[in-house]
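Participant: Following this message is one structure expressed as structure tokens.
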Amino acid sequence: AHKMTTSMILVPHVAHLDEADVTLLEEFRQKERARRSGQEGGRLTLLAFVIKAVTAGLRATPAFNASLDPFTEEVIYKRYYNIGIAADTGKGLVVPVVKETDRKSILQIARDLEELSTRAREGALDVNELRGGTFTITNIGPLGGTALIPAINYPEVAILGMGKVQEKPVVRGGEIVIRKMLPLTLAFDHRIADGADAARFVTEMVRQLSDPNLLLLET
């Protein structure tokens, strides 16, 4: 409660909205999920791929992997990538952190997600698993909702909101086709970054999510 109050009073929030065409990614993910059925490891969720795309976006636009020291008035750029995941539990919202996402494969991230989510629901998270985040993702897709404008997890400078993947008519090559579209909202601290930074960050994410091969190259 204290952190959310501080965030909303102190941080000038701005939001950038876009959609990612995840049709090919979902086809690939479902095939791999079926192929890996029964094997050890985490469930291959869309969130694992989004984390990898976010990491690529953060590397391209370091302003969103930073924090602002309010005493020295200096921007601190992080050289590590720890992605917090907002988890809905019976005791409220917690944000466990997947560490070093730039050094992990999508399968390793999926495994970490499953372990952290299970412990979050059981109320068994260690305090160190809630610390050290540099960027946060909140996903309302499983619960429904087309979009959201999330509150920044202060002292981080940005947070990504994921909506529900929906089949929508879009224009491709002059023809109307049905594609699976993922709504994305980037809320960010306008003291640290501006709209051009947000556009570059989200555009890189959309590019990665639209082509599974690019994400595999990142891995």
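So for the sequence shown, the working numbering puts the first residue at 30; every next one is plus one.
Glycine residues also receive a C-beta, built at the ideal position from the N, C-alpha and C atoms.
1. Considering Cα atoms alone, identify which of Phe93, Tyr183, Ile105 and Gly121 is closest to His31.
2. Report yes or no: do three or more beta-carbon pairs, one from the stretch 153–160 and one from the stretch 169–183, lie closer than 8 Å?
3. Any idea what DSSP makes of Lys209, helix, strand or coil?
4. Return the residue from the list Arg132, Thr167 and Ala63 that minimises the CA-CA distance to Leu246.
5. Is the stretch 185–200 touching the stretch 158–173 in the sense that three or more CB pairs, one from each, lie closer than 8 Å?
6. Check this for me: beta carbons of Leu73 and Glu61, under 8 Å apart or not?
7. In its own chain, which residues sit with a C-beta less than 6 Å from the C-beta of Val252, not counting the 5 before and 5 after it?
8. Beta-carbon within less than 7 Å of Ile264's beta-carbon, same chain only, minus the 5 sequence neighbours each way: which residues are those?
9. My guess is that Lys197 and Thr52 are in contact by the Cβ rule of under 8 Å, so how many angstroms apart are they, rounded?
10. Tell me which same chain residues have a C-beta within less than 8 Å of the C-beta of Glu103, skipping the five on either side of it?
11. Using three-state DSSP, classify Phe100 as helix, strand or coil.
12. Under the assumption that Ala228 contacts Ala92 (Cβ atoms under 8 Å), give the Cβ distance between them as a whole number of angstroms.
13. List in chain order: all unbroken alpha helix (DSSP H) runs of 4+ residues lying wholly within the stretch 129–213.
14. Assign Phe100 to buried or exposed, taking buried as 16 or more other Cβ atoms, counted over all protein chains shown, within 10 Å of its Cβ.
15. What separation, rounded to the nearest whole angstrom, lies between the Cα atoms of Leu243 and Val124?
16. Where does Ala44 sit, in a helix, a strand or coil, going by DSSP?
17. According to DSSP, Phe217 sits in a beta bridge with which residue or residues?
18. Whose C-alpha, out of Glu185, Leu142, Val83 and Ser146, is nearest the C-alpha of Gly162?
19. Taking C-beta to C-beta, are Ala176 and Phe217 nearer than 8 Å?
20. When you compare only the Cα positions, how much space is there between Phe57 and Asn111?
21. Which runs of the beta strand (DSSP E) spanning at least 3 residues fall entirely within the stretch 74–127, listed in chain order?
22. Contact defined as beta carbons within less than 8 Å: I believe Val231 pairs with Leu211. What is the distance between those atoms, to the nearest angstrom?
23. In terms of residues, what are the limits of the alpha helix (DSSP H) holding Arg65?
Facilitator: The relevant details are as follows:
1. What you label residue 31 is simply residue 2 of the sequence shown in a count that begins at 1. For the options Phe93, Tyr183, Ile105 and Gly121, the alpha carbon positioned closest to that of His31 is the one of Tyr183.
2. In short, these stretches do not touch, since the Cβ pair count stays below three.
3. Residue 209 sits at position 180 when you count from the first residue of the sequence shown. Residue state, collapsed to three classes: strand.
4. One-based indexing of the sequence shown puts residue 246 at position 217. Shortest Cα-Cα distance from Leu246 to any of Arg132, Thr167 and Ala63 involves Arg132.
5. Remark: three or more beta-carbon pairs, one from each stretch, lie closer than 8 Å, so the stretch 158–173 and the stretch 185–200 are flagged as touching.
6. Translated into the one-based positions of the sequence shown, residue 73 becomes position 44. Translated into the one-based positions of the sequence shown, residue 61 becomes position 32. Between Leu73 and Glu61, the CB-CB gap stays under 8 Å.
7. With the chain represented from 30 up to 248, any question about residue 252 goes unanswered, as that position is not in the structure.
8. In this structure the chain extends from 30 to 248, so residue 264 is not present and cannot be described.
9. Translated into the one-based positions of the sequence shown, residue 197 becomes position 168. Translated into the one-based positions of the sequence shown, residue 52 becomes position 23. Contact between Lys197 and Thr52 is absent: CB atoms are separated by about 10 Å, not below the 8 Å threshold.
10. Mapped onto the sequence shown, residue 103 falls at position 74. The answer, listed in chain order, is Leu97.
11. What you label residue 100 is simply residue 71 of the sequence shown in a count that begins at 1. Three-state DSSP puts Phe100 in coil, outside helix and strand.
12. In the sequence shown, residue 228 corresponds to position 199, counting from 1. In the sequence shown, residue 92 corresponds to position 63, counting from 1. Not confirmed; about 12 Å, so no contact.
13. As far as the stretch 129–213 is concerned, its whole alpha helix (DSSP H) runs of at least 4 residues are 135–151.
14. Counting from one through the sequence shown, the residue named residue 100 turns up at place 71. The residue is exposed, with fewer than 16 neighbouring Cβ atoms inside 10 Å.
15. As a working mapping, residue 243 is identified with position 214 in the sequence shown. As a working mapping, residue 124 is identified with position 95 in the sequence shown. About 28 Å.
16. Locating residue 44 in the sequence shown gives position 15, counting from the first residue. The three-state reading of DSSP puts Ala44 in strand, counting E and B together.
17. Translated into positions along the sequence shown, residue 217 becomes position 188. DSSP, once it has assigned bridges, lists Val43 and Ala187 as partnering Phe217.
18. Along the sequence shown, read from residue 1 onward, the residue named residue 162 stands at position 133. For the set Glu185, Leu142, Val83 and Ser146, the Cα lying nearest the Cα of Gly162 is the one of Glu185.
19. Residue numbering aside, residue 176 sits at position 147 when the sequence shown is read from its first letter. Residue numbering aside, residue 217 sits at position 188 when the sequence shown is read from its first letter. Not in contact: Ala176 and Phe217 (Cβ atoms no closer than 8 Å).
20. If you number the sequence shown from 1, residue 57 lands on position 28. If you number the sequence shown from 1, residue 111 lands on position 82. Roughly 26 Å separates the two Cα atoms.
21. Correct list: 95–98, 103–106, 112–114, 116–118 and 121–123.
22. Reading the sequence shown from its first residue, position 202 is the one you call residue 231. Reading the sequence shown from its first residue, position 182 is the one you call residue 211. The pair is not a contact, with the Cβ atoms about 12 Å apart (cut-off 8 Å).
23. Working through the sequence shown from its first residue, we reach residue 65 at position 36. Per DSSP, Arg65 lies in no alpha helix (DSSP H) segment and is marked neither H nor E.
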